[in-house]
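Take a look at the structure set out below.
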């Protein structure tokens, strides 16, 4: 069996067999990829090198669109998205994204964004307008938003929550102790506050957060994150294996086994989360279409009749 014990910085941890990915480059996948290029759209599926892109695009017809450009103002040490001077704001982007969602006939779409610390509203207005545009053109598509912390400014979050997405997703990413090393400019407590305020603003909208493991955290620290998220009324949690995108990024300290992920999922559900996805290849948007609330599912069901 492959060893999954933590290792020293100098050692290279061999990737275990269970992280092998089944590729599905069927017509659905090829069609979505072609459309993304034609519409000049960016997806976190590609930019962040998500291991589930073939399943989501090729089988489930779900996608994660990345708006506000492809260049992030932050340089998180786990993320493969480019960092630098941000792109010029594209005010036509919301309608273009909505058109593409309609053409693709997506069941569920996640709208995420690069951090835009150069903007006073952190990009909240464009994100909210994107949600509204999708609602107009694809009323039966469920919409999940995955914003940055929007600078930690309450008014920016209110702008976004007023658009009433089906799910508000903001990632805690790592444990409290490792946050300064892993996340650029982001703060652990600020992310918790962001999630708490979102629930207070729109109590009926599920909130969600994601944790990467394999960066050197302890089991007790993972449990602390679960408790902190529940204390701030987070409904949904995803837990996945950190994978080093390039040699310039943080190294993997440990590969967790599927059995270990299963145990963590069980603990999360016992702590009161309404839904938890946990596994080596799980990412923030993995099986996101299954996590929308009952009202949204009923709306989609009526569209199929």
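Numbering (full-length UniProt numbering), first residue to last: 1 to 305.
Quick reminder that beta carbons are idealized off the backbone N, C-alpha and C, glycines included.
In this text the structure is predicted, and so the values were computed from the model without any measurement.
Item, Value
"Measure the alpha-carbon distance for residue 10 versus residue 250 and round it to whole angstroms.", "Because residue 10 sits at a pLDDT of 43, beneath the cut-off of 50, its placement in the model cannot be relied upon, and the following sentence gives the value as read from the coordinates. Each residue's Cα considered, the two are about 12 angstroms apart."
"If I measure Cβ to Cβ from residue 146 and keep anything under 6 angstroms in the same chain, skipping five residues before and after, which residues do I get?", "110, 112 and 169"
"Quick one: which unbroken beta strand (DSSP E) runs of 3-plus residues sit fully inside the segment 122–153? Chain order, please.", "142–146"
"Assess, as a yes-or-no matter, whether the segment 148–165 is touched by the segment 99–106 under the definition of 3 or more beta carbon pairs within less than 8 angstroms.", "no"
"Taking the C-alpha atoms as reference points, what is the distance between residue 226 and residue 98?", "34 angstroms"
"Residue range of the alpha helix (DSSP H) that residue 219 falls in?", "219–231"
"Using the Cα positions of residue 247 and residue 77, report the straight-line distance between them to the nearest angstrom.", "11 angstroms"
"When you compare only the Cα positions, how much space is there between residue 236 and residue 74?", "26 angstroms"
"To the nearest angstrom, how far is it from the Cα of residue 278 to the Cα of residue 180?", "24 angstroms"
"Closest by CA to residue 107, which one among 88, 38 and 166?", "166"
"Start and end of the alpha helix (DSSP H) containing residue 179?", "179–182"
"Residues in the same chain with beta-carbon distance under 6 angstroms from residue 133, minus the five sequence neighbours each way, listed in chain order, please.", "94, 95 and 98"
"Could you have a look at residue 186 and say whether DSSP puts it in helix, strand or coil?", "coil"
"What does DSSP give as the partner residues of residue 216 in its beta bridges?", "Residue 216 pairs with nothing; no bridge assigned."
"In this structure, how does DSSP classify residue 82 when only helix, strand and coil are distinguished?", "strand"
"For the putative contact between residue 213 and residue 256, defined by C-beta atoms under 8 angstroms, what is the C-beta separation to the nearest angstrom?", "6 angstroms"
"Run through DSSP, which three-state label would residue 173 get?", "strand"
"What are the residues that DSSP puts in a beta bridge with residue 241?", "213"
"From 275, 222 and 84, pick the residue whose C-alpha is nearest to that of residue 184; which is it?", "84"
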